[in-house]
Amino acid sequence: MSIEHDWITTPVTPDLLRGVLDVERTAHGLLPHRLPAWARRQIPDEQLAIAEAQPSGVRLAFRTRATTIELDTLPTKRAYRGLPAPADGVYDLLVDGRLATQATVTGGNVRTIDMATQSVELREGPPGTARFTDLPARDKNVEIWLPHTEITELIALRTDAPIEPAPDSGRRVWLHHGSSISHGSNAAHPTAIWPALAAARSGVELINLGFGGSALLDPFTARAMRDTPADLISVKIGINIVNGDVMRLRAFTPAVHGFLDTIREGHPATPLLVVSAILCPVQEDTPGPLAPDFDGGTVRFKATGDPAERAAGRLTLNVIRGELARIVRQRAVDDPNLHYLDGRDLYGEADYAELPLPDEVHPDPAGHRRIGGNFARLAFGAGGPFAVTTG
1158 MSIEHDWITT
1168 PVTPDLLRGV
1178 LDVERTAHGL
1188 LPHRLPAWAR
1198 RQIPDEQLAI
1208 AEAQPSGVRL
1218 AFRTRATTIE
1228 LDTLPTKRAY
1238 RGLPAPADGV
1248 YDLLVDGRLA
1258 TQATVTGGNV
1268 RTIDMATQSV
1278 ELREGPPGTA
1288 RFTDLPARDK
1298 NVEIWLPHTE
1308 ITELIALRTD
1318 APIEPAPDSG
1328 RRVWLHHGSS
1338 ISHGSNAAHP
1348 TAIWPALAAA
1358 RSGVELINLG
1368 FGGSALLDPF
1378 TARAMRDTPA
1388 DLISVKIGIN
1398 IVNGDVMRLR
1408 AFTPAVHGFL
1418 DTIREGHPAT
1428 PLLVVSAILC
1438 PVQEDTPGPL
1448 APDFDGGTVR
1458 FKATGDPAER
1468 AAGRLTLNVI
1478 RGELARIVRQ
1488 RAVDDPNLHY
1498 LDGRDLYGEA
1508 DYAELPLPDE
1518 VHPDPAGHRR
1528 IGGNFARLAF
1538 GAGGPFAVTT
1548 G
């Protein structure tokens, strides 16, 4: 509930949003999506349907003199049966590109997942308000980054001064696709996911197609990327294919070629970086599927496949890294703008020793900072495939 104020209410419209591929009108307001409607109709499971609607990297962007801003939303939060309730998702407000303040929204819907049976229970709840105060009383660019793990229906935007959509920044657009780590699993807040950290450090506009559990070389994702304007593109491939045990080497190789072929139909000369998985000891040489382990009251993951079956085409992270490197070398003969980055250069053995993966798969907030910094240096830094060239 807002306090007494001379509010200006501005409809939340698509021109206020960045990092989205589509929006949906709901009974409550506007729901951002990270896949277009035609692609969503091809989604085969609820996991991706939920992940693409979680607004990782999505933000409102506008210019205003407002010192107080309120954003009404209806969040849908995720909980796991038998585990403590997660904290409310964080809304990051940036002023002229710098994090100025944060807020949360209580209430909302809660989806409780039973990881043993995969059953889901939905409990409906009321909308709430993210409130930001004491902002500088001057013209400024404001971004409100939405919680990266909460589906967020945008209902109303109120300010104590007029707003207008943010002008085009003129910065390059980086389109990235990856798994739950790119989505931001275990990151502390939305601008602390590693792609957001790398984008901020490198001065680019992020479109994040990191989908928890769903970086599976889906053709509709490749077509969505083909059709999305971008100056730089990266695809992070490997971990979900192994931990889901969804294909063998015979199917993997042509699937990678097909994914890259589709992207190239819309972006024939755009710098395109193929990135393999970061170090994940439980899956380096052991095939999936991955299974949760609840011993000790926290979730950890373990691989359940047989390493002996690698000879029959079962995939591990090391098998995939070798094949991705080979595919990129082969294709780069005719595609000089195609590049490969070994994910262990982003997070490897030394990083694991210093910053171990709490659940054996996902990095903690410090791990996200490490990965984001390394990606900015290796991809955007001097000599990197995304470096700014002159002349």
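Each residue of the sequence shown is one higher than the one before, starting from 1158 at the first, in the working numbering.
Glycine included, C-beta positions come from ideal geometry on N, C-alpha and C.
Predicted model only: the values in this text are computed from it and were never measured.
Which residue marks the beginning of the alpha helix (DSSP H) containing residue i, and which one marks its end?
| i | result |
| --- | --- |
| Gly-1479 | 1474-1489 |
| Gly-1494 | Here residue 1494 is Asn; the residue named in the question, Gly, does not match the sequence. No alpha helix (DSSP H) contains Asn-1494, which DSSP labels as neither H nor E. |
| Thr-1167 | Where Thr-1167 is concerned, there is no enclosing alpha helix (DSSP H), although the beta strand (DSSP E) it sits in stretches over 1165-1167. |
| Asn-1266 | Per DSSP, Asn-1266 belongs to no alpha helix (DSSP H); it is in the beta strand (DSSP E), 1266-1270. |
| Ala-1381 | 1376-1383 |
| Thr-1418 | For clarity, residue 1418 is Asp in the given sequence; the question names Thr instead. Here the alpha helix (DSSP H) through Asp-1418 covers 1406-1423. |
| Tyr-1509 | 1506-1511 |
| Glu-1553 | Since the first residue shown for the chain is 1158 and the last is 1548, residue 1553 is missing from the structure and cannot be characterised. |
| Asn-1531 | 1522-1532 |
| Ala-1356 | 1351-1359 |
| Ser-1119 | The shown model of the chain, from 1158 to 1548, leaves out residue 1119, and the question about it has no answer. |
| His-1340 | 1337-1340 |
So, at 6 Å on beta carbons, what are the nonlocal neighbours of residue i in its own chain, with the 5 sequence-adjacent residues on each side left out?
| i | result |
| --- | --- |
| Tyr-1509 | Leu-1436 |
| Leu-1374 | Ala-1412, Phe-1416 |
| Glu-1300 | Arg-1216, Ala-1218, Leu-1251 |
| Thr-1290 | Thr-1225 |
Expressed to the nearest angstrom, what Euclidean distance is found between the alpha-carbon atoms of residue i and residue j?
| i | j | result |
| --- | --- | --- |
| Met-1272 | Tyr-1497 | 35 Å |
| Ser-1433 | Pro-1293 | 43 Å |
| Arg-1175 | Ala-1210 | 14 Å |
| Pro-1446 | Phe-1537 | 34 Å |
| Leu-1514 | Arg-1527 | 12 Å |
| Leu-1481 | Gln-1487 | 10 Å |
| Gly-1186 | Pro-1171 | 12 Å |
CB residue i to CB residue j, shorter than 8 Å?
| i | j | result |
| --- | --- | --- |
| Thr-1427 | Ile-1390 | yes |
| Gly-1462 | Asp-1402 | yes |
| Arg-1191 | Leu-1205 | no |
| Trp-1331 | Ala-1379 | no |
| Ile-1350 | Arg-1383 | no |
| Ala-1236 | Ala-1244 | no |
| Gly-1265 | Thr-1306 | no |
| Gln-1440 | Thr-1410 | no |
| Pro-1189 | Val-1215 | yes |
| Ile-1484 | His-1414 | yes |
| Val-1399 | Ile-1338 | no |
| His-1340 | Gly-1369 | yes |
| Ala-1372 | His-1334 | yes |
| Gln-1259 | Leu-1250 | yes |
| Val-1361 | Arg-1405 | no |
| Ala-1287 | Thr-1230 | yes |
| Leu-1512 | Gly-1524 | yes |
| Pro-1212 | Thr-1309 | yes |
Can you determine whether any heavy atom of the ligand FMN sits closer than 7 Å to the C-beta of residue i, and answer yes or no?
| i | result |
| --- | --- |
| Gly-1265 | The ligand FMN is not among the ligands present in this structure, which contains no ligands whatsoever. |
Give the range of the beta strand (DSSP E) segment to which residue i is assigned.
| i | result |
| --- | --- |
| Ile-1390 | 1389-1394 |
| Pro-1322 | 1320-1322 |
| Gly-1285 | 1285-1289 |
| Pro-1449 | 1447-1450 |
| Gln-1259 | 1255-1261 |
| Arg-1198 | Here Arg-1198 belongs to no beta strand (DSSP E), and DSSP marks it neither H nor E. |
| Phe-1458 | 1457-1460 |
Can you give me the Cβ contacts of residue i inside the same chain, cut-off strictly under 7 Å, excluding the 5 residues immediately before and after it?
| i | result |
| --- | --- |
| Asp-1629 | No answer is possible for residue 1629: it lies beyond the span of the chain, which begins at 1158 and ends at 1548. |
- Task: Please determine if the region 1222-1230 and the region 1365-1376 are in contact, where contact requires at least 3 C-beta pairs separated by less than 8 Å.
- Result: Of all C-beta pairs linking the region 1222-1230 to the region 1365-1376, fewer than three are shorter than 8 Å, placing the two stretches out of contact.
- Validate contact between the region 1342-1361 and the region 1521-1540 using beta carbons, cut 8 Å, 3 pairs: Contact holds: three or more Cβ-Cβ distances are below 8 Å.
- Query: Touch check for the region 1212-1223 and the region 1309-1326: three-plus C-beta pairs under 8 Å?
  - Reply: Result yes; three or more Cβ-Cβ pairs closer than 8 Å.
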